[in-house]
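Enquirer: Listed in order, the protein sequences are those of chains A, B, C and D.
According to the numbering used here, numbering within the first sequence proceeds without interruption in unit steps and concludes at 142.
According to the numbering used here, numbering within the second sequence proceeds without interruption in unit steps and concludes at 142.
According to the numbering used here, numbering within the third sequence proceeds without interruption in unit steps and concludes at 142.
According to the numbering used here, numbering within the fourth sequence proceeds without interruption in unit steps and concludes at 142.
Idealized CB from N, CA, C, for every residue including glycine.
4 protein chains.
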Amino acid sequence: MTAVELQAFLLRDFPQVAGDFRIERSDATGLCLRLQVAERHLRPGGTVSGPAMFGLVDVAMYLAILARIGPVALAVTTNCSVDFMRKPQAGRDLLAEARILKLGRSLAVGDVLVFSEGGADPVARAGLTYAIPPKLDVAR
Amino acid sequence: MTAVELQAFLLRDFPQVAGDFRIERSDATGLCLRLQVAERHLRPGGTVSGPAMFGLVDVAMYLAILARIGPVALAVTTNCSVDFMRKPQAGRDLLAEARILKLGRSLAVGDVLVFSEGGADPVARAGLTYAIPPKLDVAR
Amino acid sequence: MTAVELQAFLLRDFPQVAGDFRIERSDATGLCLRLQVAERHLRPGGTVSGPAMFGLVDVAMYLAILARIGPVALAVTTNCSVDFMRKPQAGRDLLAEARILKLGRSLAVGDVLVFSEGGADPVARAGLTYAIPPKLDVAR
Amino acid sequence: MTAVELQAFLLRDFPQVAGDFRIERSDATGLCLRLQVAERHLRPGGTVSGPAMFGLVDVAMYLAILARIGPVALAVTTNCSVDFMRKPQAGRDLLAEARILKLGRSLAVGDVLVFSEGGADPVARAGLTYAIPPKLDVAR
């Protein structure tokens with residue numbers, strides 16, 4: 003799936019969150035997803051909340067998998083280990099760089115680095131595992 | 003801090019999310035936090051979203067730490083490893099059982115089990131580490 | 003499988019490490035495995051090495067799974083997240099308390115607490131996921 | 003510290019394991035550590051054991067930190083989350099590519115990819131956190 007197809011998929015299948023995210027890039031090296039930071043993602047002090055960052059890495063990995071195997075709405079996260087390393091910069095979007103490390107028949111594994119836009123040092127990293135359902139429901 | 007004090011702290015310092023949560027119990031064995039599941043926590047199909055579950059375990063551990071060391075608004079999550087094991091039951095609140103395993107000077111470590119209310123099998127488990135700031139800001 | 007059967011399985015299938023471990027208990031609540039700490043498990047200063055602790059939690063979970071599903075030599079660890087919380091006490095064995103949280107068709111998830119013998123506070127905790135091969139090779 | 007200094011440090015402070023490892027590269031991008039696979043690292047079937055892989059990622063991250071901050075023998079692993087993705091190739095050494103993502107005053111965070119020598123796909127990945135003692139013991 004291309005970036006345009008992924009964005010359309012997100013809008014159709016996850017309308018509640020689709021407006022938060024924009025796919026910046028999707029190619030052989032992985033996928034870059036932008037969290038368009040808004041008031042609802044913030045904690046007191048203006049920092050992006052943990053759940054908002056979790057949502058970002060989770061959706062980034064999900065879309066990186068779909069980019070490779072097609073629209074499988076039923077792939078589910080089984081494990082996510084996140085390190086929160088730095089406070090995101092106030093007033094900046096977040097960019098998540100996701101890459102697939104393994105794409106097996108039943109499990110996909112990858113990792114994600116999150117940056118404040120324009121920042122050189124990652125604010126968070128995550129390793130994620132997705133279970134892929136045995137029958138791919140591609141005929142949606 | 004007692005359950006009542008913790009609830010008041012949550013309301014004052016995290017007004018955006020305080021309404022989602024209710025402290026069911028806080029004692030020497032740990033803390034039980036309820037996520038009052040609402041439309042905004044759901045994904046298509048009626049299951050609770052990953053970020054909502056992440057928020058639940060994160061807040062449960064945070065409050066379990068505060069119950070022990072007092073209102074330290076600046077404790078921050080440094081690591082969270084979550085296993086998503088079962089789909090939460092539709093139309094049920096989630097209950098998170100948090101316990102502290104280590105409360106050091108600079109790091110606190112604990113784990114959390116999440117259940118659908120009335121369910122015997124956990125839907126998720128998480129291990130979390132919090133960094134505790136060197137100077138405790140207790141004079142709030 | 004009972005504790006005696008598990009010990010025999012370990013000796014037959016993992017002769018290199020079987021001598022390190024003794025199954026203290028195996029019942030419906032989980033499994034307790036002892037690491038009989040010897041010189042080869044130590045780091046300078048007399049503390050148990052990280053790999054030795056990793057081996058302990060990994061074998062404890064593996065045996066806890068086998069206790070439930072029988073001798074499946076091919077179950078493999080897919081994820082392990084360990085928190086090292088305290089230095090083990092010198093000259094003491096380590097005891098690992100493993101419990102199964104989910105036993106699905108293809109994945110098993112559990113966690114482990116590790117204690118120095120006689121100590122009240124855990125020295126480490128771990129969450130582990132095992133992939134269970136689709137065909138159980140029970141006819142060994 | 004250079005690769006040569008790190009190898010000398012390993013030999014002096016960790017003589018039990020120094021012979022297992024060879025530092026292949028240490029530069030601004032990170033560190034590459036070789037596990038010289040021997041009989042004692044293997045499980046039945048000829049695959050490298052989980053504890054041996056854990057030891058490899060743990061030592062690789064430790065040395066990557068020392069390369070940046072000097073010989074601090076007291077830095078300790080606080081968290082390690084490993085994904086085991088593929089079976090290592092029989093009869094091949096393992097190469098661990100470690101990079102530092104955060105080097106704070108009290109915590110260092112990084113990740114490691116492990117490859118069978120000559121293999122393109124990673125056999126394992128890990129995220130690790132090290133606690134750095136408040137006073138750096140550099141006058142060794």
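#1: Is the beta carbon of R127/A sitting closer than 8 Å to the one on L103/D?
#2: Check whether the segment 79-92 of chain B touches the segment 36-54 of chain B, taking contact to mean three or more Cβ pairs, one atom from each stretch, closer than 8 Å.
#3: Could you check how far apart the C-beta atoms of A98/D and L35/D are, in whole angstroms? I think they sit under 8 Å.
#4: Let me know the secondary structure DSSP gives D113/C once reduced to three states.
#5: What residue from P136/B, G112/B, S83/B and L105/B has the CA that sits closest to L130/D's CA?
#6: What residue range does the alpha helix (DSSP H) around L44/D cover?
#7: Between which two residues does the alpha helix (DSSP H) holding L65/A run?
#8: Leaving out five residues before and five after R70/A in sequence, what residues of the same chain have Cβ atoms less than 7 Å from its Cβ?
#9: Please confirm if K89/A has its CB atom under 8 Å from at least one CB of chain D.
#10: So, using beta-carbon positions, are T80/C and L109/A closer together than 8 Å?
#11: For A66/D and A100/D, which I take to be in contact (beta-carbon distance under 8 Å), what is that distance rounded to the nearest angstrom?
#12: Under a CB-based cut-off of 8 Å, is V140/A close to chain B?
#13: Determine the burial state of D29/D: buried for a count of at least 16 other Cβ atoms within 10 Å of its Cβ, exposed for fewer.
#14: Measuring only between beta-carbons, confirm whether D113/A sits less than 8 Å from chain D.
#15: When you compare each of P46/D, G72/D, F56/D and M55/D to L12/D by their alpha carbons, which one comes out closest?
#16: Quick check: F56/A and F56/B, are their CB atoms within less than 8 Å of each other?
#17: Going by Cα to Cα distance, which pick from S51/D, M63/D and Q18/D is closest to I25/D?
#18: Take V19/C and list the residues in its own chain whose beta-carbon comes closer than 8 Å to its own, dropping the five residues that flank it on each side.
#19: Using a Cβ-Cβ cut-off of 7 Å (strictly less than) and excluding sequence neighbours within five positions of G120/D, which residues of its own chain qualify?
#20: Chain C beta carbons: is any one of them nearer than 8 Å to that of G57/D?
#21: Quick check on L76/C: does DSSP put it in helix, strand or coil?
#22: Tell me the residue span of the beta strand (DSSP E) that contains D29/A.
#23: Measuring CA to CA, which of G21/C, L33/C and D15/C is closest to T4/C?
#24: Please state whether DSSP places V84/C in a helix, a strand or coil.
#25: Find out if the Cβ-Cβ distance for the pair A77/A, A133/A is shorter than 8 Å.
Expert: In short, the structure shows the following:
#1: Against a cut-off of 8 Å, the Cβ pair of L103/D and R127/A comes out as a contact.
#2: The segment 79-92 of chain B vs the segment 36-54 of chain B: in contact.
#3: Rounded, the Cβ-Cβ distance is 5 Å, consistent with contact.
#4: Three-state result, D113/C: strand.
#5: Residue S83/B is the option with its Cα nearest to L130/D.
#6: Going by DSSP, L44/D is part of no alpha helix (DSSP H) at all; its letter is neither H nor E.
#7: G52 to I71 is the span of the alpha helix (DSSP H), which, as asked, contains L65/A.
#8: Here the set comprises I102 and L105.
#9: K89/A does not count as touching chain D.
#10: The criterion of a C-beta distance shorter than 8 Å is satisfied by T80/C and L109/A.
#11: Correct: roughly 4 Å between the Cβ atoms.
#12: Model confidence at V140/A stands at a pLDDT of 44, short of 50, so the residue's coordinates are unreliable and nothing is read from them.
#13: With fewer than 16 other Cβ atoms within 10 Å, it is exposed.
#14: Cβ-Cβ to chain D under 8 Å: yes for D113/A.
#15: It is G72/D.
#16: With respect to the 8 Å criterion, F56/A and F56/B are classified as neighbours on the basis of their beta carbons.
#17: Ranking S51/D, M63/D and Q18/D by Cα distance to I25/D puts M63/D first.
#18: So the qualifying residues of the chain are L12, G57 and V61.
#19: Result list for G120/D: R94, in chain order.
#20: Closer than 8 Å to some Cβ of chain C, the Cβ of G57/D qualifies, so yes.
#21: Correct three-state label for L76/C: coil.
#22: For D29/A, the enclosing beta strand (DSSP E) begins and ends at F23 to D29.
#23: That would be L33/C, whose Cα lies nearest to the Cα of T4/C.
#24: The answer is strand: DSSP assigns V84/C an E or B state.
#25: Result yes, Cβ atoms of A77/A and A133/A sit closer than 8 Å.
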